[in-house]
Structures are given as structure tokens and as C-alpha cells.
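See structure below.
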Amino acid sequence: MCGTVREAKSGKPVAFAEVFIHETQAGAVTNADGRFHIHGLCEGKYTVDVRHIGCHTVSKVVDIVGNMEVDFELHHSALNLDEVVVKASAVAPLAMQAETRIGGLQLIASQGQTLSDALEDLPGVSVLNTGQTISKPVIQGLHSNRILILNNGVRQEGQQWGLDHAPEIDPYTAGEITVVKGASSVRYGQDAIGGVILLTPKPIREAPGTSGELNLAGFSNGRTGVASAFVESLWQTKRSAHQLWSRIQGTLKRGGNYHTPAYFLENTGLKETNGSATIGAKRGNFLAEVFYSYFFTEIGIFRGAHIGNLTDLQLAIDRGRPIQDGSFSYHLGRPAQKVAHHLLKTKAEWKSDQLGTFSLVYARQFNRRQEFDAHSLGGPSQEALQVPSLEFEITTHTADVVLKHRPLLRYFTGSVGLQLMHQVNTTDRGGLIPNYDSQSGGLFWIERWRNYPFPLEIELGIRYDVKRLYADRRGPDRIDEERIFRNFSGTVGGLYRISDAIHARLHFGTAWRAPTVNELYSDGVHHGAASYELGQKDLSAEKAFLTSFTFEASLPVQNGRSAQATLSIYRNRIREFIYLAPMPQPVLTIRGAFPAFRYEQTNAMLSGMDFDFNWPLTTPLTFDGGLSVLRARNLTTKDWLIFMPADRLWGGLEYAFLTSVKEAAGQVDDRRASLKIDVVHVLEQKRVPPGFDYAPPPKAYTLFNLEARLKWNWQDLPAFLTLGIENIFNHTYRDYLNRLRYFTEEQGRNFSVRFNLKF
Amino acid sequence: MKTHIFFSAKAIVLATTFAFIFSACDDDNDVVPNEQELITTVRLTFTSGNESLVFNAIDADGPGGNPLVVDEVNLAANTTYQLSVAFLDEQDPANAEDITEEVREESTEHLVCYEATGVPSPTGLDLDANGKTLGLKATYTTADAASGSLKVILKHEPDKDAANPCATGETDVEVTFNVVVN
């Protein structure tokens, strides 16, 4: 159990409060941030005392379920000297499936990066890049349409299909990011073949008042600056019967040309402007909330990567680097992308004492993507450059109705729900994707049987989906075709608790996704990839069958500090896996010859292992590390699958400067300051199919990074500073999953400063 | 008073929702779709005296669909021709557009390269505004009867100071004509 003790009125943390558990005689003292940790509690009901100098001791009964975060609020008002409010929020029970998450200080320490880069340190997650500014998350080898992103509970509907289309999300809106690994359609819906990324906003403050947070980040490479802040308020009547809250948040980001150890890359800057606002109200058992977010980015694309045909590409690969050394500039020229994403979410929730919690979520998303070519054919007239060569607009409406029911027959908890979606795409310019509209609906039911302290828990789930896709295309080759896809998905999971600190989990899950319009109908040259891509209009839906085994252990080793390790082994078998297969004859165009690829289906098997651990060597020194291994096979052709992340391993040593008070109280997580050195080694990807790629995969590389963290109180406000150096030795390397690896090396040494202040 | 706060909040929630749903539906859709410039035709004109010979490479519907059709270039032996190359957008034949003019206006940004195999290479290429090679016009002198090929490449933003300018820049056109000299 861990949590924070705060003064209710000001919301400020209370230091030196004693938290004591009667039944086990265990206790802890809060640190300067009001945080406490009590390890090794079994599940069940406990009487918890919170004592603080000048107050009466107050007892509350807390029902401990799994790892819990329990916050206490001490009311220091003259009237209620001894009132303690206990808010115990059981985080969702342990998932059956492998999950990994980043939140709190860890997330703040990685701020300023793209969403994908913030996740890159997690086991089993890698990043597919187009230069430094466009990155997509890859979970256990799968990405784009095979990953579902739930932003604040709403499935992100942007332009996931393109390899150079990054998720249109401001990571600063999230307080915690969870990565669910492997097929998981039942709970999250179609497309969750490779996994799900859940972005959960920071919970609104619990005590009435106004507070906020300021985040600043600066990076030497690209001279990038980011500023993000939010302010929130909560008003409530006595005894919290009526509550009203609001939050306003905004982020600005600006970066210029970044550099490799040897040269600058022209036109690789970006501009980003994001904002969001929330208002909500609660009365008794009824809650309503409206959330709106706006995301806008303008990204320069490295000029040297814009090629006319295969000859140009071959010349660029032979050159191995840009023609010119380039120089620093914030100027954004052509080629470029401009992407805007609006999300409006309304949520209503009703807690019924008999049935459970009903929630109704409606969301509307509007996504506009514009791509600007380097020049208009013939000559770059200024007006022509203002006109995008590609422009798509996707409007999506989603509605979810879910009932999380109260325990049934004592041991069953679960939820049933209905999810609906309507989507329209309009292609204003460029013919890569036809106009289409699509509707889908899904019904799911998940139950979990749990009889604590019986060591076994079981979860079962089922889902049925229907999706309709209608494609038309203005112009000569009108498609005018309707496809309907139907599918059942299921999940079975078991958790065995060897002890409270050691679990083993076995999970079987399925997922599916309908082919996307580009896989069905594309017919043209993809200039970024120097290839001619041909869709197949009779493709069937892709289905994934996942088996995963996860073993987790947490053992006390040092002064109450625990060593932790997680191992997960998986096999994701995908039927009718859609991929681009090379065709024997190139396509001849007026621009020269292009290798031709066609969307084909095969049976694929992705199997692998993710492992990570954290080992306290001495009180101030911690060793951590991990390993991700993936083998991806095309079962039909008995060959490897292309563009799969290479195996990687990492390790780090962290030295923490602890204050004596914290040490005495065993507050190992609360460090005044720390210094950490990291090593990441990425192997060469030798498992590639022949005939798919223009250049062999790059060599293995090793990077060293350094990070220093410092926490202090600045005018009574908690402040947090992180200083970092990435790629300390300015090592020259290329990464297999960077689409610009044909043209350029990866970025060189990068100094960073990050500052966080809560007010 | 308290309920008042609550209901005003609910009103804001609802009003914002509907305002957004209805206002945001009329995003601009008034753009003419698929209006993209495309070079569909490369035209070589060989002039000797009063006689002009015209050879085309045409892909009217762009990449894919109907294939690219390239004429065979038939020239007389031991003759000197004035060669000119033209780039056209003939997606809509009634409204063909001559892109050569744009190339000429931005002459410093463009370069026409020729690669001949088995037949002579063009000589005396014309120059851009900076006095560097442009290549829209050239002299072509045939020798005895022969057959081979002539590749015509239009480069955008080449580095004309490079040792081999034709290996730089972005390729807009790359077409190979078979050449027969009788």
C-alpha cells in the first residue's frame, strides 16, 4: 500500500505524519511530499491510523485489494481538527495480460519527447521513426493499424495507416500511460492486434481549491523548447455532495534542424500547438464531464529523403549521407506535413447501488492531414507551394455504453458494453486513399472470478463486432464498393498467486481488424517509399491469437527495499496477416521504374520475450535492466517478416542521495536527488526476408545516457529538475526502424533540461 | 445555491457539446479533388531543315492503370538535327498544359540529362540563366546506321556545381526511348 497524506484545505502534503496498521503492526512516516509506502500487506480489511502532531489519532478501515494507492486527507480547520477523509481507489485488479506503464515522476522525467519516445524505455515497446520528429509506437513488433490508442478513454481515430503518420496526441494531457501487450480486442475493440496504449489524464485534485503544474523542457539537439502547463479548480459543497471542476491545459513546442554527429539535417524542425479543457460536475451518484482537446503540428520533412524515383534512392543510399552539411535553422520549408486533430468527449456516469456503474461516452474526432511536396511540377510558384499535394479529412463519432456491475454471486465482477462508431473520410487532394464511410458496432462481456485469498483468479470475455466499409472515389476510377466484416473475439485468463509478491499469469486472447482502405484500394506510387503499391480488394480480416505467460516477483532484499522482476513470454499467431509483398516486375512510369509491391495475406507468428528487473545493490545504489527479444515469421513463405524491431538489451545504475529522515523511515522511493547512467544495446536485425528492402539493415549499436534528478521546494512549491545527456559519446549509428536510415545517420549527442513545478 | 452551481454546470456541458457537434460539421469540403499536376507526356522534336520529327512517351493516366507508351525514335543517318524536349500535362487532352515553360522560367532549378547507349549523345546543350547547362535544347548529330537508346531525365533542384550534376536532385522524369538510325 502506498499513498499521500495531504492537508485537505490547501491540498499540501503533510510531512512526518505516521501511518500505522493495527493488524500487522507495520507503519511508515510520510516524507516531505506526504508520501508513504507500506510493503508486504496481504489483501483484506485493515484498520489504518493516521497520526499527526497536534491532532487526535484517527482510525479508518481500508479494504486492501492488490497494490493500492490510498490517500488520506487531514482537515486542519479549527472546526474539524481530527477529521480524516479516506479515499481508497483500488486500481483495476491485476491484468491477466502483460502490461507495462509509465507515470508519475518517470513520465515527468521524460517530458518534452513525442508520445512514442516516452514509451521507448518500456520492455517490449520500440519506435518506428521518420527522422527525429515523426515517431510511432511499436508493441512487440506491431504498429500503425495494429495498435489501438485510447486517449482519455476514446479510441484515437486519425491517420494511423501511414508509416510517417505519428499519433496526433499531446503526451502532456496524460498523467499515466499504460501499454497492454498483445491481442486484446475483447476489452478494447477491433484493431488491437498488437496491443493497446491507454493514456489516462491525471485525476482532478481531490480537495477544493485551485492548483496547477508547469512543465518546461529544452533540448540542445534541434534547439527544441517545450512549455506546457495546466490549471485546475474544484468547488464543492459540504460533505462533497456536489462538486464542480475544470481544467485548462496547453502546450507549445518549437524545434529546428537537428544534427547527427557530422552534419545538420535541412528542414527537420517542427512546431506544435496543443490545448485542452475539461469541465465536470458531480452530484450524488451522477457525474458528467466534457473534455475537448486540440492538437496541431507542422513538421518539416528532411529534404534529402524526398526522392523522385528508384535511381534517386539508389544514388542516395550509395552516398550514405546528405549532399550538403546543412546548418541550423528554425525555418520550416517543403516538404512538410500539417496535421490537426480535434477531440470532443462527453461522459455521463451513474452509480447505482443495486446494479453498478453505468457510463455513457460520446466522442467526436476530426482529423485533417495535409502533406506538402517539395515543389510543384515544373517550377515552384509561391501559390502552388501553399497548396497541399495530399489532404485527407476524417470525421469520427464514437459512442460507448458500459455497465460495470456490482459483484454477482459474491465472486464475480465484470462489465458489459456496447461500442458504436461512424466514420467518414474525405480526400480533398491526392488519390492515395479513396473517400469512404464506415460504421461499426461491438458488444462485449467480461467476467472475473475471484475469491481472495484463494490463490487462483479466472477471467473470461467474449465480444462480437460488425463493421461496414463503403469506398467510393471521385474521378475516373470510382470504386463504389461495400464490404462487411463480422467477427467473434474471446479471452481467457488465469492468475495464480504464489504469494502476495509473486504471481504467474496465463492469458489467451484474440483480436481482429478489418483491412483498411489503403490495403484494399491503393494503386499508385508511394513517393516517400519509392515504391508502387497495389491494393487487393478481396482481402479478408486479420485475426490474432495470443498466448502469453507473465511471471512477476517482488522480494525484499535491502532495508525493506524490494527487488522486482517481470518476465513475459508470448506467441501472437496472426491469420491472414496483411503485408506488402514484392511483385516480380517493376512498374514503368514517366518518372522511371518503381519496384512494385502488392498487399498479400499470409499466416504470421510473432513470438518473443520481454524481461526487466530492478535490484537494490546497496541502500543508495540500484541496478536495473532488461531485454526484449522478438522472432517474427511468415509461416506461408517460411521466411522472416520485414521491419521488425531488432533484439535489444539495456542496463542502468542509479545512485540516490537520500536524506537521513527518509532513510530511517524506509522511504526509498523518495529521493532528494539521483544520478543514473544507462546503456542500451540494439543488435543488428539479421532476420529479414530477401528482396524486400533497398539496403541491408544497419549494424548493432550501443548508446550511453546520463540523467540527474533533483527535487526541492521552491517557495514551498514542489519542484523537480532533470538534466540529461543522450548519446554521451556522440556515437554515429543508424537504426533499422528509422525510415530515414537510407539517407542519414541518427541524431548525435543531445543535452536536455526538464523542469516541473506544482503550484 | 449549490444545486444552482450544479445545474449551470450541466447546462454548460450540454450547450458546449451541441454547439461543437453542429458547428464543427461544416468543415470545408469545397476543394476540387485530385487536382494535381502531372507530367503525362515527354515529347522529343528533331528538326533538320524544314523537316520535324516528333516522338512521344505518354502515360496519360499516370502511374499504374494503362502502361507508359514510348515511341521508337527513327532518324536518318549522318544528319544534324536540332533537338528540343517538351514536358506536357495532357490528363485532360482538351486542356493540355505545357510544363516546359515552367521549367524554362525556373531554369536554374532544373536540368535535363541525356544518357545514350549505342547511339551518339546530344551535344551543345542550351544554358540556364546562370550560364550553366539546362538541356531543353541540343544538337543531335547521327552517324552511320545504328540502334540503341536515349534516356531523358528531368532533374529538379540538382547541384549543378557537383562533379556529376545528374546524380543529384530529385527526378521528375526518367524515360528511355529506343533509337534507330537508318
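Quick mapping for you: the protein sequence lines, in order, are chains A and B. Under this note's numbering, the first residue of the first sequence is numbered 78, with each subsequent residue one higher. Under this note's numbering, the first residue of the second sequence is numbered 284, with each subsequent residue one higher. Ideal placement from N, C-alpha and C gives every residue a C-beta, glycine not left out.
Candidates the options, of which the one nearest residue i by Cα
i                      : options                       : result
residue 322 of chain A : A:122, A:329, A:359 and A:382 : A:359
residue 831 of chain A : A:690, A:786 and A:676        : A:786
residue 516 of chain A : A:659, A:497 and A:241        : A:497
residue 346 of chain A : A:210, A:264 and A:245        : A:210
residue 598 of chain A : A:556, A:444, A:96 and A:579  : A:556
residue 513 of chain A : A:503, A:521, A:507 and A:519 : A:503
residue 559 of chain A : A:567, A:565, A:549 and A:568 : A:549
residue 339 of chain A : A:351, A:402, A:326 and A:121 : A:402
residue 711 of chain A : A:726, A:677, A:704 and A:702 : A:677
residue 282 of chain A : A:149, A:718 and A:583        : A:149
residue 706 of chain A : A:437, A:686 and A:770        : A:686
residue 419 of chain B : B:367, B:465, B:385 and B:351 : B:367
residue 262 of chain A : A:523, A:825, A:545 and A:675 : A:523
residue 631 of chain A : A:716, A:579 and A:325        : A:579
residue 399 of chain B : B:321, B:323, B:429 and B:454 : B:429
residue 424 of chain A : A:433, A:439 and A:416        : A:439
residue 583 of chain A : A:218, A:137, A:174 and A:829 : A:174
residue 324 of chain A : A:341, A:349, A:355 and A:732 : A:355
Any C-beta of chain A under 8 Å from that of residue i
i                      : result
residue 355 of chain B : no
residue 412 of chain B : no
residue 328 of chain B : no
residue 351 of chain B : yes
residue 323 of chain B : yes
residue 458 of chain B : yes
residue 304 of chain B : Its pLDDT being 49, under 50, residue 304 of chain B is placed unreliably in this model, and the value from its coordinates should be taken loosely. Yes, because at least one Cβ of chain A sits closer than 8 Å to the Cβ of residue 304 of chain B.
residue 448 of chain B : no
residue 433 of chain B : no
residue 461 of chain B : no
Beta carbon proximity, residue i to chain B, threshold 8 Å
i                      : result
residue 384 of chain A : yes
residue 231 of chain A : no
residue 392 of chain A : yes
residue 160 of chain A : The predicted model places residue 160 of chain A with a pLDDT of 37, which falls under 50 and marks its position as unreliable; any figure quoted below should be read in that light. Chain B contact via Cβ: absent.
residue 409 of chain A : no
residue 609 of chain A : yes
Under 9 Å by beta carbon: chain B residues contacting residue i
i                      : result
residue 600 of chain A : 346, 347 and 348
Amino acids of chain A, ordered along the chain, whose beta-carbon sits closer than 7 Å to that of residue i
i                      : result
residue 454 of chain B : 385, 386, 388, 389, 668 and 669
Within chain A, the residues that residue i reaches when beta carbons sit closer than 8 Å
i                      : result
residue 395 of chain B : Simply none; closest approach about 13 Å.
residue 464 of chain B : Simply none; closest approach about 24 Å.
residue 342 of chain B : 666 and 667
Within chain B, the residues that residue i reaches when beta carbons sit closer than 8 Å
i                      : result
residue 451 of chain A : 439, 440 and 453
residue 400 of chain A : 442, 445 and 451
Residue-level contact to chain D via CB, residue i, 8 Å cutoff
i                      : result
residue 785 of chain A : Judged by its chain identifiers, the structure shown contains no chain D, and its protein chains are A and B.
When you compare the stretch 188–199 of chain A with the stretch 622–633 of chain A, are there three or more beta-carbon pairs, one atom per stretch, that lie closer than 8 Å?
Because the criterion of three Cβ pairs below 8 Å is not met, the stretch 188–199 of chain A and the stretch 622–633 of chain A do not touch.
Any 3 or more C-beta pairs closer than 8 Å across the stretch 408–423 of chain B and the stretch 389–397 of chain B:
yes
Quick one: which unbroken beta strand (DSSP E) runs of 3-plus residues sit fully inside the stretch 277–347 of chain A? Chain order, please.
If we require 3 residues or more, the beta strand (DSSP E) runs fully inside the stretch 277–347 of chain A come out as 286–296, 301–313 and 319–332.
Does the count of Cβ pairs from the stretch 241–260 of chain A and the stretch 272–282 of chain A closer than 8 Å reach three?
yes
With three or more C-beta pairs closer than 8 Å as the rule, is the stretch 357–364 of chain B touching the stretch 331–345 of chain B?
yes
Cβ pair count under 8 Å reaching 3, the stretch 758–773 of chain A against the stretch 219–234 of chain A:
no
Identify every run of the alpha helix (DSSP H) within the stretch 189–252 of chain A, keeping only runs that are complete inside it and at least 4 residues long; order them along the chain.
192–196
Quick one: complete beta strand (DSSP E) runs, 3+ long, within the stretch 392–421 of chain B?
393–400
Tell me, please, whether the stretch 280–296 of chain A touches the stretch 196–210 of chain A by the rule of three or more beta-carbon pairs shorter than 8 Å.
no
Flag this pair as touching only if the stretch 312–320 of chain A and the stretch 328–335 of chain A have three or more C-beta atom pairs under 8 Å; answer yes or no.
At 8 Å Cβ cutoff, the stretches do not touch.
Do the stretch 428–441 of chain B and the stretch 453–464 of chain B meet, that is, are 3 or more Cβ pairs less than 8 Å apart?
yes
Using a Cβ distance threshold of 8 Å, determine whether the stretch 770–786 of chain A contacts the stretch 804–818 of chain A, with at least three qualifying pairs required.
Touching, yes, given that three or more Cβ pairs across the two stretches are closer than 8 Å.
Decide yes or no for the touch test of the stretch 632–652 of chain A against the stretch 601–616 of chain A: beta carbon pairs closer than 8 Å, at least 3 of them.
no
Stretch-stretch touch, CB-based, cutoff 8 Å, three pairs: the stretch 788–795 of chain A with the stretch 720–737 of chain A:
For the pair of segments examined, the stretch 788–795 of chain A was found not to touch the stretch 720–737 of chain A: the number of CB pairs separated by less than 8 Å stays below three.
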